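J.:
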Amino acid sequence: MPTLQFKGKSFVSNHHLAVKYHQLLPNAAASLTDKVSLNDNLIIHGDNLIALKALLPNYAGRVKCIYIDPPYNTGNEGWRYNDNVNSPMIQEWLRSQQPVDREDLTRHDKWLCMMLPRLTLLRELLREDGVIFVSIDDNEVQHLRMLMDEIFGADNFIAQLAWEKGRKNDARLFSIGHEYILVYAYSLAKLKELKTVWREAKPGAQEIWNEYIRLRALHKDDDPAVEQALQEWYRQLPKSSPSKLLSRYRHIDKYGPWRDDNISWPGGNGPSYDVIHPVTGQPCKVPERGWIFPTLERMQQQIDWGLVVFREDHTQPPFRKAHLRPIAEELEEDALAQIAGDTFENADELVADDDSEAIVGLQVMPSVIYKQSQVAVRYLRDLMGAKVFDNPKDHEVIMRLLRYCTEPDKGDIVLDSFAGSGTTGQAVLQLNQGDGGNRHFILVETEDYADTLTAERLRRVIEGVPGFKDARVRAGLGGSFSFFELGAPLDIAGVLAGTELPRYEDLARYLFYTATGEEFDPALLDEAQSFVGESAQYRVYLLYQPAVEYLKQAALTLERIQALPDDGSKQRLVFAPTRFVDPSYLETYNVKYAQLPFEIYRFHY
13 MPTLQFKGKS FVSNHHLAVK YHQLLPNAAA SLTDKVSLND NLIIHGDNLI
63 ALKALLPNYA GRVKCIYIDP PYNTGNEGWR YNDNVNSPMI QEWLRSQQPV
113 DREDLTRHDK WLCMMLPRLT LLRELLREDG VIFVSIDDNE VQHLRMLMDE
163 IFGADNFIAQ LAWEKGRKND ARLFSIGHEY ILVYAYSLAK LKELKTVWRE
213 AKPGAQEIWN EYIRLRALHK DDDPAVEQAL QEWYRQLPKS SPSKLLSRYR
263 HIDKYGPWRD DNISWPGGNG PSYDVIHPVT GQPCKVPERG WIFPTLERMQ
313 QQIDWGLVVF REDHTQPPFR KAHLRPIAEE LEEDALAQIA GDTFENADEL
363 VADDDSEAIV GLQVMPSVIY KQSQVAVRYL RDLMGAKVFD NPKDHEVIMR
413 LLRYCTEPDK GDIVLDSFAG SGTTGQAVLQ LNQGDGGNRH FILVETEDYA
463 DTLTAERLRR VIEGVPGFKD ARVRAGLGGS FSFFELGAPL DIAGVLAGTE
513 LPRYEDLARY LFYTATGEEF DPALLDEAQS FVGESAQYRV YLLYQPAVEY
563 LKQAALTLER IQALPDDGSK QRLVFAPTRF VDPSYLETYN VKYAQLPFEI
613 YRFHY
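Structural data, given as structure tokens:
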């Protein structure tokens, strides 16, 4: 595979390993919750590279979806490269402390040096079935694509979306009003193994379905009457209605509105077999591309279910029905009967609201998104009372992406490490309110406005903004978040010297993840019993208090070993400053000792 070379690459390729774990310090005053917790929605203020490293013990391999909007490196954004990488060339960059502008001949190198370790850590945070979206424009899209091919693997590339944001009539040659969103999976093979299918609702489809249900309740099982009334409803719609564009769903059967659809194999070279016309008794003409159904048995099943319509005679192929409410091919006859029965017997219950759009009119998302950029600018200005941020992202577009690839009821985690004005957080909250979901967000913002803008926006949309034009925000979306600051690095060597003493939980989280490579569960922590948690291989203990006098005498002794809880299921891994027990006793009591700070890495790596 071709690789991208740039100045500094050799120095930053493993820089994420050198970044120390930092404490995450709760800021109750900036939070909007009764109890600040790392299991809540999170806003983290601090350098996003350090923050991503600090998130690993709790969130490695847990994030379902990442959306980031990094600097586009246009030359006029004023961003600075400030990763403290130990190399003469990069130290020279750091000493200059100049914003990266168009006169900087190394601006592309600096941008890639900034992105590489962050993308590497982001990948570590993704679930095996996770996906990442990265917004970018023409300044760096070609470099970003190659960099992500290296980090995520070219085989895991999903799509390069184009977001058309509006025409620029002052352009001298072409109006370039679009940008891109690169989409990669952690493992496309895993998505295929899980038979993952992403779909979104067609605009206007829900309104058609609701009208159909109303008409079905009125006319009962009189399909022609329902069909005639639905077609009249289409005619009366204004031209601007999105439902008008779906008026091909003009026919009615027991499964709902339908339109005719092609019955031939996509792309050609489909199967050929005899399909007998029910009137003439002759084989129907086979489409040039072959039948869409792989076997005659499958075709006959569709015919028996009433999903195939024959023409007047056998000289033309039949066509198949495409229903507004999709009928999955794997459904059995009793399931189809249930769908039809619903429309007859439970019509009133089937009138859907915003949180059940997915039952009708599904489609694959196209690779081009149309949404004017000024809509988001005006929205944020009205929400905050003034223009407070340049080029905010549109929360409705982010909602569309998140709705497309997350599930409402699975507790999916959404991460944005370039949080800016907090658009991604609002998108998650608004999605949850609409479909009753329990998604969580993690936002990381480096700049000083993490509290005054990022968090403040979310406070407003959660609690409600009187008089705001958006009724949902006017009433308040509900939810909560915990605000954290980055604290001092967890320098284990400093623990013994007494110069840096983190909280018990912070040190326990770091040690557990570093030693086992597994997720730390704070619910299992029992400081009184020195119990940190349980991995696949160990029950983990830590003899520690953030006090120098305790550390001076916190040796692992035979008495302490005997006092540690032990159910006999796994070896006990004990972290302590020193030990006064012979190796033979450790073996007898099935204990593995790890001296702080020297032996942390040898168990997992």
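If you're matching positions, the sequence shown starts at 13 in our numbering and goes up one per residue. Just so it is clear, CB atoms sit at the ideal spot from N, CA and C, and this is done for glycine as well. Predicted, not measured: the structure shown is a model, and the values here were computed from it.
#1: Taking contact to mean 3 or more Cβ pairs, one atom from each stretch, closer than 8 Å, check whether the region 251 to 261 and the region 210 to 230 are in contact.
#2: For residue 38, name the three-state secondary structure that DSSP assigns.
#3: With 16 as the cutoff for other CB atoms within 10 Å, does residue 188 come out buried or exposed?
#4: Tell me whether the beta-carbon of residue 282 lies closer than 8 Å to the beta-carbon of residue 302.
#5: Can residue 394 and residue 524 be called in contact, C-beta distance under 8 Å?
#6: Would you please state the rounded distance, in angstroms, between the beta carbons of residue 475 and residue 488? I believe it to be under 8 Å.
#7: With DSSP as the reference, please indicate the residues paired to residue 391 in a beta bridge.
#8: Excluding sequence positions up to five away, which residues of its chain have a Cβ less than 6 Å from the Cβ of residue 254?
#9: Near residue 166, what residues of its chain come up, given a Cβ to Cβ distance below 7 Å and the 5 sequence neighbours on each side ignored?
#10: Cα separation between residue 198 and residue 76?
#11: Rounding to the nearest angstrom, what Cα-Cα distance links residue 234 and residue 425 in this structure?
#12: So which of 265, 322 and 540 has the shortest CA-CA distance to residue 288?
#13: Are the CB atoms of residue 383 and residue 406 nearer to each other than 8 Å?
#14: Mark residue 201 as exposed unless 16 or more other C-beta atoms lie within 10 angstroms of its C-beta, in which case mark it buried.
#15: Please list, in chain order, all residues of the same chain as residue 211 whose beta carbon is under 7 Å from its beta carbon, the five residues on each side excluded.
#16: Three or more C-beta pairs closer than 8 Å, one from the region 563 to 578 and one from the region 521 to 535: is that the case here?
#17: Taking buried to mean at least 16 other C-beta atoms within 10 Å of its own C-beta, is residue 491 buried or exposed?
#18: Within the same chain, show all residues whose beta-carbon is closer than 6 Å to that of residue 105, passing over the 5 residues directly before and after it, in chain order.
#19: Drop a sphere of 10 angstroms on the beta-carbon of residue 574, count the other beta-carbons inside from all chains shown, and report buried for 16 or more, exposed for fewer.
#20: Select from 291, 454, 273 and 378 the residue whose C-alpha is nearest the C-alpha of residue 413.
#21: Counting only the same chain and skipping the five closest in sequence on each side, list residues whose C-beta sits under 7 Å from that of residue 109.
#22: Quick check: what's the CA-CA separation for residue 367 versus residue 486?
#23: From residue 168 to residue 602, what does the alpha carbon distance come to, in whole angstroms?
#24: Near residue 342, what residues of its chain come up, given a Cβ to Cβ distance below 8 Å and the 5 sequence neighbours on each side ignored?
#25: For residue 96 and residue 387, what's the separation of their Cα atoms in angstroms?
#26: Quick one: is residue 195 buried, meaning 16 or more other Cβ sit within 10 Å of its Cβ, or exposed?
#27: Going by DSSP in three states, residue 595 sits in which element: helix, strand or coil?
#28: Which residue marks the beginning of the alpha helix (DSSP H) containing residue 229, and which one marks its end?
#29: For residue 270, I'd like the list of residues in its chain whose CB is within less than 8 Å of its CB, leaving aside the five on either flank, ordered along the chain.
#30: Pull up the distance between the alpha-carbon of residue 132 and that of residue 239, whole angstroms please.
#31: Below 7 Å CB to CB, which residues in the same chain sit around residue 19 once its five sequence neighbours on both sides are set aside?
#32: Any idea if residue 562 is buried or exposed, counting beta-carbon neighbours within 10 angstroms, 16 or more meaning buried?
#33: Going straight from the alpha carbon of residue 328 to that of residue 280, what length do you get?
#34: Report the rounded CA-to-CA distance for residue 193 versus residue 157, giving the unit in angstroms.
#35: Along the beta strand (DSSP E) that carries residue 234, what are the first and last residues, could you check?
#36: Going by CA-CA distance only, name the one from 551, 141 and 517 that's closest to residue 206.
T.: Short version:
#1: yes
#2: Your numbering for residue 38 matches position 26 in the sequence shown. Residue state, collapsed to three classes: strand.
#3: Taking the sequence shown and counting its residues from 1, one reaches residue 188 at position 176. Exposed.
#4: As a first step, residue 282 must be located in the sequence shown, where it is residue number 270. As a first step, residue 302 must be located in the sequence shown, where it is residue number 290. For residue 282 and residue 302, yes; Cβs fall inside 8 Å.
#5: Indexing the sequence shown from 1 puts residue 394 at position 382. Indexing the sequence shown from 1 puts residue 524 at position 512. For residue 394 and residue 524, no; Cβs fall outside 8 Å.
#6: Numbered from 1 along the sequence shown, position 463 holds the residue referred to as residue 475. Numbered from 1 along the sequence shown, position 476 holds the residue referred to as residue 488. The Cβ separation is near 5 Å, so the contact holds.
#7: The sequence position of residue 391 within the sequence shown is 379, counting from 1. Answer by DSSP bridge pairing: none, since residue 391 is not bridged.
#8: Position 242 of the sequence shown holds residue 254. Counting only Cβ-Cβ distances below 6 Å, and skipping sequence neighbours, we find 215 and 216.
#9: Counted from its first residue, the sequence shown places residue 166 at position 154. So the qualifying residues of the chain are 13.
#10: Residue mapping note: residue 198 aligns to position 186 of the sequence shown, counting from 1. Residue mapping note: residue 76 aligns to position 64 of the sequence shown, counting from 1. For residue 198 and residue 76, the distance between alpha carbons rounds to 10 Å.
#11: In the sequence shown, counting from the first residue as 1, residue 234 sits at position 222. In the sequence shown, counting from the first residue as 1, residue 425 sits at position 413. The alpha-carbon atoms of residue 234 and residue 425 are separated by roughly 47 Å.
#12: Walking along the sequence shown from the start, residue 288 turns up at place 276. Comparing Cα-Cα distances from residue 288 to each of 265, 322 and 540, the minimum goes to 322.
#13: On the sequence shown, position 371 is the one that residue 383 refers to. On the sequence shown, position 394 is the one that residue 406 refers to. Yes; because the gap between Cβ atoms is below 8 Å, this pair is in contact.
#14: What you label residue 201 is simply residue 189 of the sequence shown in a count that begins at 1. With fewer than 16 Cβ atoms within 10 Å of its Cβ, residue 201 is classed as exposed.
#15: Start at 1 with the first residue of the sequence shown, and residue 211 comes out as number 199. Hits under 7 Å: 374, 375 and 376.
#16: no
#17: Numbered from 1 along the sequence shown, position 479 holds the residue referred to as residue 491. The residue in question, residue 491, is buried, as its Cβ has 16 or more Cβ neighbours within 10 Å.
#18: Taking the first residue of the sequence shown as position 1, residue 105 is located at position 93. Once the five neighbours on either side are set aside, the close Cβ partners of residue 105 are 93.
#19: Start at 1 with the first residue of the sequence shown, and residue 574 comes out as number 562. Exposed, since its Cβ has fewer than 16 Cβ neighbours within 10 Å.
#20: Against the sequence shown, residue 413 aligns to sequence position 401. For residue 413, the nearest C-alpha among the options comes from 378.
#21: Counting from one through the sequence shown, the residue named residue 109 turns up at place 97. Answer for residue 109: 92, listed in chain order.
#22: As a first step, residue 367 is located in the sequence shown; it is residue number 355 there, counting from the start. As a first step, residue 486 is located in the sequence shown; it is residue number 474 there, counting from the start. Any reading at residue 367 needs caution, since the residue's pLDDT is 34, under 50, leaving its predicted position unreliable; the model's value is listed next. Cα to Cα, the separation comes out at about 19 Å.
#23: In the sequence shown, residue 168 corresponds to position 156, counting from 1. In the sequence shown, residue 602 corresponds to position 590, counting from 1. Their Cα atoms are separated by approximately 43 Å.
#24: In the sequence shown, residue 342 corresponds to position 330, counting from 1. Its pLDDT being 48, under 50, residue 342 is placed unreliably by the model, and nothing is read from it.
#25: On the sequence shown, position 84 is the one that residue 96 refers to. On the sequence shown, position 375 is the one that residue 387 refers to. So the two alpha carbons sit approximately 38 Å from each other.
#26: Translated into positions along the sequence shown, residue 195 becomes position 183. By the 10 Å Cβ count, residue 195 comes out buried.
#27: Residue mapping note: residue 595 aligns to position 583 of the sequence shown, counting from 1. Note: residue 595 maps to helix in three-state DSSP.
#28: Numbered from its first residue, the sequence shown carries residue 229 at position 217. That run of the alpha helix (DSSP H) goes 217 to 231.
#29: Taking the sequence shown and counting its residues from 1, one reaches residue 270 at position 258. Contacts found: 261, 263, 264, 333, 334, 335 and 336.
#30: Within the sequence shown, numbered from 1, the residue matching residue 132 stands at position 120. Within the sequence shown, numbered from 1, the residue matching residue 239 stands at position 227. Distance between the alpha carbons of residue 132 and residue 239 is about 56 Å.
#31: One-based indexing of the sequence shown puts residue 19 at position 7. If we look at residue 19 and ignore the five residues flanking it on each side, its Cβ neighbours are 101, 118 and 121.
#32: The residue you call residue 562 lines up with position 550 of the sequence shown. The residue is exposed, with fewer than 16 neighbouring Cβ atoms inside 10 Å.
#33: Within the sequence shown, residue 328 is the residue found at index 316, counting from 1. Within the sequence shown, residue 280 is the residue found at index 268, counting from 1. Whole-angstrom Cα-Cα distance: 18 Å.
#34: Taking the first residue of the sequence shown as 1, we reach residue 193 at position 181. Taking the first residue of the sequence shown as 1, we reach residue 157 at position 145. Taking the straight line joining both Cα atoms gives about 10 Å.
#35: By one-based count along the sequence shown, residue 234 stands at place 222. Note, residue 234: premise wrong, no beta strand (DSSP E); not H, not E.
#36: Translated into the one-based positions of the sequence shown, residue 206 becomes position 194. It is 141.
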